[in-house]
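Chemist: Residues 5 to 123 in the working numbering are what the sequence shown lists, from first letter to last.
Using N, Cα and C, we set each Cβ at its ideal position, and we do this for glycine too.
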Amino acid sequence: MIGPSFLAGWAAGILSGMGVGGGTLLLVWLTGIAGLSPAEAALYNLLYFLCCAPPALVDHLRHKRVDSRAVFWSLCGGLPACLAVQHLIGTAGTEGLRVGFSCLLILVGLRELTARDHL
């Protein structure tokens, strides 16, 4: 029998394939409904991403939807940001990270609500 967690993962996969933040929805399910700790939910979310990303990348490459300049600049900004966040994790503690991530989600949500370029 298919359980609710399987259906939640399936729905998150479908939504992420359509461009919706399926991983974020999966985190909400795992922490809010399935009762996992944030650390466990993050681990499962990473495993979910590692399974979904390679086929999506192959499809995007096949259809020539990858902008190499965007990849370059994303790496130039992303790699230093990863190092900075790794340092921040060691100094901010769990509560500081929770507050910071909450603020980030609010800012991203406000940007999405006010952006004109997403439609």
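What does the Cβ neighbour count give for A60, buried or exposed, with the cut at 16 atoms within 10 Å?
Modeler: As a working note, residue 60 is residue 56 in the sequence shown. Flag for A60 reads exposed.
Chemist: Relative to the C-alpha of P8, which candidate in W33, V24, I18, G17 has its C-alpha closest?
Modeler: Walking along the sequence shown from the start, residue 8 turns up at place 4. When each option's Cα is compared against that of P8, the closest is W33.
Chemist: Decide if the region 67-79 is in contact with the region 35-55; the criterion is three or more beta carbon pairs, one per stretch, under 8 Å apart.
Modeler: These segments do not touch.
Chemist: Taking the CB atoms as reference points, tell me whether A45 and L31 lie closer together than 7 Å.
Modeler: As a position in the sequence shown, residue 45 is number 41, starting the count at 1. As a position in the sequence shown, residue 31 is number 27, starting the count at 1. Cβ atoms of A45 and L31: closer than 7 Å.
Chemist: Alpha carbon to alpha carbon, how far is I110 from L92?
Modeler: Taking the first residue of the sequence shown as position 1, residue 110 is located at position 106. Taking the first residue of the sequence shown as position 1, residue 92 is located at position 88. Roughly 20 Å between the two C-alpha positions.
Chemist: For S41, which of helix, strand or coil comes out of DSSP?
Modeler: As a working note, residue 41 is residue 37 in the sequence shown. In the structure shown, S41 sits in coil (DSSP, three-state: anything other than H, G, I, E or B).
Chemist: Using a Cβ-Cβ cutoff of less than 6 Å, which residues in the same chain neighbour G104 once the five nearest sequence positions on both sides are dropped?
Modeler: What you label residue 104 is simply residue 100 of the sequence shown in a count that begins at 1. Excluding positions up to five away in sequence, the list is empty.
Chemist: Excluding sequence positions up to five away, which residues of its chain have a Cβ less than 7 Å from the Cβ of G17?
Modeler: Position 13 of the sequence shown, counted from the first residue, corresponds to residue 17. G26, C56, listed in sequence order.
Chemist: Does DSSP put H67 in a helix, a strand or coil?
Modeler: For the purposes of this step, residue 67 is identified with residue 63 of the sequence shown, where counting begins at 1. DSSP places H67 in coil when its eight states are reduced to three.
Chemist: Could you tell me if S106 is buried or exposed, where buried requires 16 or more neighbouring beta carbons within 10 angstroms of its beta carbon?
Modeler: The sequence position of residue 106 within the sequence shown is 102, counting from 1. It counts as exposed.
Chemist: Taking the C-alpha atoms as reference points, what is the distance between V112 and L47?
Modeler: Your numbering for residue 112 matches position 108 in the sequence shown. Your numbering for residue 47 matches position 43 in the sequence shown. If you take the alpha carbons of V112 and L47, they lie about 23 Å apart.
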